[in-house]
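Structure first, commentary second.
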Amino acid sequence: MSKSRTHVFPAGWGALVPGQAEDCTRQLQSELGPDDPFSPFFESGAIRAIGGSVTTDHVVFEIDDWEAPYFVSDLSWTAPDTRPAFLQWLSPGTRPDPGVVPISSLGELDGWCP
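In the working numbering, the protein residues as written are 508 to 621.
Here it is, written out as structure tokens:
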């Protein structure tokens, strides 16, 4: 896990409280799915939600040992498919694509969302 950073967000963004941060991190893991290249990062605790837009569902995450220290994703808050595996195979649902946009500093969030 990385050393603690001070997070200063631009206007329109704010820090998440601990419960929100954990919910957002779990939601991203669910939306990306178990076969996503980010899965090992979740398993090691290297991805943490730290902030969010005050006007949209965009969430900023901190990540250890990746190409950038942060990334932004647009969470859909879609519930996971809980149907039996056979039914999922017969009729696969669409998986949301929250996107993962790397950013090198939180200042890059300025003007990101309306």
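Every residue, glycine too, gets a C-beta built ideally from N, C-alpha and C.
Exercise. Which residue or residues does DSSP assign as beta-bridge partners of R555?
Worked result: By one-based count along the sequence shown, residue 555 stands at place 48. Per DSSP, E569.
Exercise. Just the Cα atoms here: how many angstroms apart are L523 and V561?
Worked result: Taking the sequence shown and counting its residues from 1, the one referred to as residue 523 is at position 16. Taking the sequence shown and counting its residues from 1, the one referred to as residue 561 is at position 54. So the alpha carbons of these two residues sit roughly 10 Å apart.
Problem set entry | Assumed close pair V579, V608 - CB separation to whole angstroms, cut-off 8 Å | Residue numbering aside, residue 579 sits at position 72 when the sequence shown is read from its first letter. Residue numbering aside, residue 608 sits at position 101 when the sequence shown is read from its first letter. That pair is a contact at about 5 Å.
For this session: With DSSP as the reference, label P495 as helix, strand or coil.
Result: Not covered by the structure: residue 495. The range shown for the chain is 508 to 621.
For this session: State the Cα-Cα distance for the pair S537 and E550, rounded to the nearest angstrom.
Result: Walking along the sequence shown from the start, residue 537 turns up at place 30. Walking along the sequence shown from the start, residue 550 turns up at place 43. So the alpha carbons of these two residues sit roughly 12 Å apart.
For this session: Kindly indicate the opening and closing residues of the alpha helix (DSSP H) around D530.
Result: Locating residue 530 in the sequence shown gives position 23, counting from the first residue. It spans 525-539 - the alpha helix (DSSP H) in which D530 sits, taken as one unbroken run.
For this session: My understanding is that A575 touches S611, with C-beta atoms under 8 Å, so please give their C-beta distance in whole angstroms.
Result: As a position in the sequence shown, residue 575 is number 68, starting the count at 1. As a position in the sequence shown, residue 611 is number 104, starting the count at 1. Contact holds; Cβ gap of about 5 Å.
Exercise. Comparing alpha-carbon positions, which option in P517, P544, G552, T563 lies nearest R533?
Worked result: Counting from one through the sequence shown, the residue named residue 533 turns up at place 26. Here the closest residue by C-alpha is G552.
Exercise. Under three-state DSSP, which class holds P576?
Worked result: Translated into the one-based positions of the sequence shown, residue 576 becomes position 69. Coil at P576, not helix or strand.
Exercise. By the 10 Å Cβ neighbour count, where 16 or more other Cβ atoms means buried, how is S546 classified, buried or exposed?
Worked result: Translated into the one-based positions of the sequence shown, residue 546 becomes position 39. Under this definition S546 is an exposed residue.
For this session: Report the rounded CA-to-CA distance for G540 versus W619, giving the unit in angstroms.
Result: Residue mapping note: residue 540 aligns to position 33 of the sequence shown, counting from 1. Residue mapping note: residue 619 aligns to position 112 of the sequence shown, counting from 1. Cα-Cα distance, rounded: 26 Å.
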